[in-house]
Structure formats: structure tokens, C-alpha cells
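Trainee: Once you know that position 6 of the sequence shown is 5 in numbering that gives the first Met the number 0, the rest is easy, because the numbers rise by one and skip nothing.
Glycine included, C-beta positions come from ideal geometry on N, C-alpha and C.
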Amino acid sequence: MRLFIVLVILRKELVETLRDRRTFVSLVLLPMLLYPLFALLMSQMAGAEMDALEARPSKIAVWGELSPDVSATLAAGENKLEIQPWLGAPEALRRDLEAGSIPPPVPAPPRPPGPPRKDPGAGPSTDTKKHDTGRPDAAVALAARALVGAREAHAVLVPWRGFSEDVRAGKAARVTIYYDSVWGDSDFAADRLDYALARARDGLLVSREGEKGLPKGFTSGLEVVSRNVAPDERRVGKVLGTLMPMMLILMSLLGGFLRAADMTAGEKERGTMQTLLCAPLLPLEIITGKFLAVFVVSLVTALVNVASLGFTLRRILPGEMDVPFSAHALTFALLIPVTLLFSALFLAVAAFARDFKDAQNLLTPVYLPVMLLSMLTSLPGMELSVATSFVPLLNVALLIKAIYLGDVAPDLVFFTLGSSTLFAALALLFAARVFEREDVLLGGRGSFRAVFTFERQKGGTPSLGYSLGAFAVIFVVMFYASVLLEKTTNRTVQLASTQLGLIFLPALAAIAVSGASMRETLGLRLPRPRALVGAVLAGLSGGVAVSAIALRLVPVPREFSDKLSDALLLDGQPLGVLILVVAVLPALCEETLFRGFLFSGLSRAGIAVALIASSLLFSLAHGSIYRMIPTFSLGLLLGYARHTTRSLLPGILVHGINNALVMTILVVQPAWLERLFGEGLSVGLGAAAALVLALGIYLLREPREAKARA
């Protein structure tokens, strides 16, 4: 073998690969954009979940008598512990605890030096069911497991008999925490309890420093034992529910991925697609037959994967922890709408390819988000809810996780199956529309390029593909640049730099690079005076009207509200600076990006798509579950103002006035504020604001004759 010939061929293939723009995008640009965006989404979701956990108080069932000083420490407001004496304790168990007939568990021996061991709550290796039944506090652990498993309490705290006497005598008082490590709220409650008890221990040590005669146990103060009462089935289910949804979904769709590419681009490459189109067949008949073929292959792949998983688990798990057959059957049933959805989607996207290699390049950007969405199940606290049951693919992955955990709610199963079936039907309609285009089926890709082109234009508005791609790049830049801005302690500088340097200027640069018209893209025109009046009315009333509804749908904890207020006040800046930085700059910069550049590109797919998609991205950019409904609703209002007036100015007014009103209330803090917002906005105030908002929307609306002249 001649090495120089090998090197020449290697150089030739690498050069051809780099010249292939689609391959370069799939292998280089897509990962560079996709993973930061996914990390940003995960961090926002994890941050929102952590904010929700911190905002919610932990309900603690106390089965026993605490000493007054320890009880006062636990009840302190900063600990966020709701102490419920004897909550859910069976009468017989309570009598035994009060009589002291149940001995406390023995603390674990000190950890030997060396690497940290596996967390007991992470798997079935410790605290197994057999060990529970053989321990002296087995009855307490089982009763606590039932109470926490029913979600009636987050954790159970048992101060053992003689707790107060031991505290007064200077001995080590014994207390045990029972919690469920699989349930995020329970695990968080155990951490809160552990921290609060550590504070109580420190207080006892300080009070004993001046005493003479040090009895045994003085140096420890409190002897705390934590018991994870999650049953083995749930611990195994936690591991399986984290890993298996991703594996099952990815492997089930792999067969459809390959078959869709072969039945479309492969047939074009072999020349059999043209023969098929010459036959007296309807496009609907062709797409239905090919779709069913891809679906059957995907379905068989799913069945084999579920069956293999079931046999594997039966082999490696003990008999008492075996996953029931019904769980595997329901898992397979959930994969049916997933395979329906992606069989149609894969088929439609692959139809735009010229050959099999081209199909792989086009399908890879579709397949990667599937993997990333299914990985969201590993996020702490990520559970199936009414909201997540309507998110494609994620709903099925979370429902599979719930099946392995044994926390399946029938109504959420219905929502998940219904929404997944709807998404599958929409994907099938999209595939049918694609197969109606003979230019696509015969090898052309004109319509696909028209939608997702990145070529420089001359005037007009940016294309849909360019606006979404550039928006993703801007978000990636924000993701990495935020690390540098975090080093700046001045919050005012952080916010101003983010708005101007990471939102406003990149949006203008993206428009300039695209070659689109700055005037048309940003709607740089002066609207009618009545539209400006309507914008002022909408800005004054929109936030109040939306909050009156949003606060009832998703109540905001007072702690979260106080934290947000402190952040918006920018370390005590005067009102003029706050209005400039928190109201004027965001109104100008965010409207330029969301209702200017992004909205113009999305409008090519229809006004409904532009309104919903831009509002959704606008709400996600604010990164809080409690702000999603208000910001999404505000985004719809701003998008409507942009669409009906064809100008960016009314949206800037609405946005700026809304923010300025909030900042004025926070700084001035009128006496009526606490009465007005103490229990949420009243229905009457919300209705009055809604009437003013309706008038503002009416004034924003352009008359028909004005639109005709335009």
C-alpha cells in the first residue's frame, strides 16, 4: 500500500466534505448552536424548578415532642418548614412512640477515609425492603412511607421519647428524618430539615459552653439519623425512568429514520420514484402507502425494544422488584403516537432530499432534538403535568418515566395520548402536502430552499429560516457572554449591557447581514395618532388585566415576588435610572429583536405562527415559570400591535409603559398597594383593566381604508 496515495485520497474526500454546505451545517454548525440552546433551556427549566422548590414551604409531620428551643428553631420563618404535630400518625403507632416501646435506629458508623460511596437514595443497594422489616423502627418507616407516598407530607420527623429531657440534661437527643429521595419535594424537605437541625445543634452547643460537668453526647448536641423510605420499586423506577425513555424513543425511531430516507431519496437516486409517479396513482395513495410502511417498521422496532427491555429487566432485577407486564404494555402503547408523528415527519423532510446522503443531512437536525428532548426527563423535579402533557415527545418520555415510578395519573395519560395523536395527524397532513409537489418528488428542492434559505437578499424582510437561525445564534452568544457579565457586580451595567450589546445591536447586525430592508423588517413608520393613544391605554391596563388572570392560574409565592422585586430595583437606584434601564431600554431592544427581526421572519409562515411563536420565545427568554403566562400574553398583545399598525412604535410604547408602571409602584410603594395585591388582584379591578385594554386594542386596529391605501 502506497501511503502518499492514501493521503491524496484523504485530502480529496475532506475537501469535498468541506465543500458540501449541508454536511458542514449538520456536523459543525448545528452542534455548536444546538447544545448551548439546549443547555440554556435546561438551565432555565432547572432554575424555574429550583425557584419553585425554594418558594414552596415543606410540610413536616412531627411524631413526637420536641424541646421548646429546637421547636422554635425549626418554626423560624427562614426555614420554610410547616410543622404538623402527629400528622397522619396511626393511633397504635402514636401510643407506642409516646410510651417509648419503639427503639430509635442506630446511627450509621463514621464513613471510612476514601472516595465517597454511592448515595443511599440513588439505588436499591441500601435501605432495601428486607432491611426495613428487620430494623427496630420498621413500623415507623412503613407508616412514614405511606404518608409521604400519598403526598400528605413532605417528610416525617420523629423526636424519640426523652428528647426534651436529653436536651436539658446536656445529652445527645435523638431524632430521625424519614423522606422519599425519589420525590423532589421530599428530598428538598429533608435537606431543609437537616439544615435547620444543624442550626439547632449549634445553638445547643453554644448554650452548653459555659456549663460545668460535660456529660456524654455534649459535643454532638443532636444525634440525627435520616432514613430514605422510598421503596425499592420507586428507586429502581427512578433509574429506569431517567434512562429508558431516551433509549426506547431513540432506538424505536431509528428504523423509521433509515426507511424514510430510503423510500424517498433512495428511490430518487435509483430512478424508481419517477416510475411510480407515472402510474395512475393519487399522491395521497402514494404517501399513505409509504407512511404505513415506515410506521410499521418503526412500530416493530419499538416492540422489539420494549420486549428486549422487559426480558433484560426480568433477568437482572430480583423477583420482588420486577417491573410488571402492564408497565411494558403501556410503554409500547405510548410509543405508537410517537412513531406515528416521526414517521410522517421523517418522510416529509426526506422527500426534499436529492439522494440518500442528502436525506441523512436533512434528517439529522430532526433527529438530534428528539434525543435532547427525551433527555429532559433526567432533570431534577421534571415530572408530567398538565402543561408538559402537551409538549411533543417530552410528554411521552415523562409518562414513560411516571410508569416506571408508579405515579401514573389517568387524566394525564389521556392528555398525553390526545395531544400526541393530534401532533401525529398534523405531521401526516404536512407529509401529504409535500407529496402533492411533483417538483419535490422528482428531485427538486426549490420549495424547501424558499422556506429555509440563508442567501443574502435584496430588500424585503428576512426569510423564516434565516430569522430563526440568527435568533438561535443571538441566544447562544447571550448564553456565553452572560458568563462575562456575571463578573460585573453592578446590576445596572449588567442589564444595560445585555439589552444593548446582546439584544439590540445583534438584531440590527442580523438584519444588515441578511440584506433585508431595515425599514420593512422593523416597521419604521409612524402609525396613526389613534394607534398611539391605544398603545398608551394598553400599556397602562395590559399588565393589570393579564395579572388578574395569571395570578389565579399560577399563584406566585410571596418569596419569589420579593426576590424579583429586589432584582428589578437594581440595588436601590433612583426611579429615573430604573425607568431608563428597566423600562425604556428593554422596550426598545427587546421589541427590535422579537417584534422586529423575529416577527418579520416568522410572518412568512402566517400571522398566527408569528404571533404564537414570537410570544412563546419571548416568554421563554424571561426564564421563569411564574412569568410565562404574563409574558406570553403580553407578547401576543405586542405582536398584535406590530401586525395591525405595521409599526414597531406602538409595541415599544406598550412595553415601556407597562414596565415603567411596575417600577413606579415598586419604588413609590403607595399605601393601597398591600391592600390591592395582598390576596391577588380583585375581579373588579381586573375587569376594569380589561375594559380599558379592549378600548386600547380597538384603537390600535387600523381601519380598512387605511390598510387599503397602505
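Where does serine 342 land, buried or exposed, given buried means 16+ other C-beta within 10 angstroms?
Mentor: So serine 342 counts as buried.
Trainee: If I measure Cβ to Cβ from proline 461 and keep anything under 8 Å in the same chain, skipping five residues before and after, which residues do I get?
Mentor: Ala469, Ala509, Ile510, Ser513, Ala515, Thr520, Phe596, Ser599, Gly600
Trainee: In terms of DSSP beta bridges, what is alanine 154 paired with?
Mentor: Ile59
Trainee: Can you pull the DSSP bridge partners for glutamate 81?
Mentor: Lys58
Trainee: Counting only the same chain and skipping the five closest in sequence on each side, list residues whose C-beta sits under 8 Å from that of glutamine 83.
Mentor: Lys58, Ile59, Ala60, Val61, Ala152
Trainee: Could you say which of Val666, Ile248, Phe331, Leu421 lies nearest to proline 573 if we only look at CA atoms?
Mentor: Val666
Trainee: Could you check what DSSP says for alanine 172 in three-state terms: helix, strand or coil?
Mentor: strand
Trainee: In its own chain, which residues sit with a C-beta less than 7 Å from the C-beta of aspartate 95, not counting the 5 before and 5 after it?
Mentor: In the same chain as aspartate 95, and ignoring 5 residues on each side of it, the C-beta atoms closer than 7 Å to its own belong to Ile101, in chain order.
Trainee: List in chain order: all unbroken alpha helix (DSSP H) runs of 4+ residues lying wholly within the segment 563 to 629.
Mentor: 574 to 577, 584 to 590, 598 to 601, 606 to 620
Trainee: Report the rounded CA-to-CA distance for phenylalanine 4 versus lysine 400, giving the unit in angstroms.
Mentor: One detail in the question is off: residue 4 reads as isoleucine in this sequence, not phenylalanine. Going from the Cα of isoleucine 4 to the Cα of lysine 400 covers about 53 Å.
Trainee: Taking only the alpha-carbon atoms, compute the straight-line gap between arginine 444 and alanine 264 and give it to the nearest angstrom.
Mentor: The predicted model places arginine 444 with a pLDDT of 47, which falls under 50 and marks its position as unreliable; any figure quoted below should be read in that light. Straight-line Cα distance between these residues: approximately 11 Å.
Trainee: Apply the 10 Å Cβ neighbour rule to lysine 457 and answer buried if 16 or more other Cβ atoms are within range, or exposed otherwise.
Mentor: exposed
Trainee: Classify methionine 662: buried if its beta carbon has 16 or more other beta carbons within 10 angstroms, exposed otherwise.
Mentor: buried
Trainee: Please report the residue range of the alpha helix (DSSP H) in which glutamate 90 lies.
Mentor: From DSSP, the alpha helix (DSSP H) with glutamate 90 extends over 90 to 98.
Trainee: For glycine 63, is the classification buried or exposed, using 16 other Cβ atoms within 10 angstroms of its Cβ as the cut-off for buried?
Mentor: With 16 or more other Cβ atoms within 10 Å, it is buried.
Trainee: Flag this pair as yes or no: are the beta carbons of arginine 191 and asparagine 304 separated by less than 9 Å?
Mentor: No, these two residues do not count as a Cβ contact at 9 Å.
Trainee: Buried or exposed for glutamate 164, going by 16 or more other Cβ atoms inside 10 Å?
Mentor: exposed
Trainee: Can you confirm whether the segment 603 to 616 touches the segment 531 to 551 when touching is taken to mean that 3 or more C-beta pairs between the two stretches lie within less than 8 Å?
Mentor: With fewer than three CB-CB distances shorter than 8 Å, the segment 531 to 551 does not count as touching the segment 603 to 616.
Trainee: Any contact of the segment 354 to 369 with the segment 323 to 336, i.e. 3+ C-beta pairs under 8 Å?
Mentor: no
Trainee: Output the distance between the C-alpha atoms of leucine 692 and leucine 499, rounded to the nearest integer angstrom.
Mentor: 30 Å
Trainee: Could you give the C-beta distance for phenylalanine 331 and alanine 301, rounded to a whole number, given that I count them as a contact under 8 Å?
Mentor: 6 Å
Trainee: For a quick check, are the C-beta atoms of arginine 524 and serine 646 less than 9 Å apart?
Mentor: Using a Cβ distance threshold of 9 Å, arginine 524 and serine 646 count as a contacting pair.
Trainee: Would you mind sorting glutamine 359 into buried or exposed? The rule is 16 or more other CB atoms within 10 Å of its CB.
Mentor: buried
Trainee: Express the C-alpha separation of leucine 635 and alanine 688 in angstroms, rounding to a whole number.
Mentor: 17 Å
Trainee: What residue range is occupied by the uninterrupted alpha helix (DSSP H) comprising lysine 400?
Mentor: 393 to 404 is the extent of the alpha helix (DSSP H) around lysine 400.
Trainee: Taking C-alpha atoms, which residue in Leu690, Asn658, Ile696 lies nearest to glycine 638?
Mentor: Per the Cα distances, Ile696.
Trainee: In whole angstroms, what is the alpha-carbon distance linking glutamine 493 and leucine 484?
Mentor: Taking the straight line from one Cα to the other gives about 6 Å.
Trainee: Does DSSP put phenylalanine 351 in a helix, in a strand, or in coil?
Mentor: Under the three-state reduction of DSSP output, phenylalanine 351 falls in the coil class, being neither helix nor strand.
Trainee: Between which two residues does the alpha helix (DSSP H) containing glutamate 64 stretch?
Mentor: Per DSSP, glutamate 64 lies in no alpha helix (DSSP H) segment and is marked neither H nor E.
Trainee: Is it right to say alanine 188 is buried, meaning 16 or more other beta carbons lie within 10 angstroms of its own, or is it exposed?
Mentor: Alanine 188 is classed as buried because its beta carbon has at least 16 other beta carbons within 10 Å across all chains shown.
Trainee: On the three-state DSSP scale, how would you describe leucine 372?
Mentor: helix
Trainee: Below 8 Å on the Cβ atoms is my contact criterion, and I expect methionine 374 with methionine 245 to pass it. Report the Cβ-Cβ distance as a whole number of Å.
Mentor: 6 Å
Trainee: Just to check my reading of the structure: serine 388 and phenylalanine 422 have Cβ atoms closer than 8 Å, yes? What is that Cβ distance to the nearest angstrom?
Mentor: Not confirmed; about 12 Å, so no contact.
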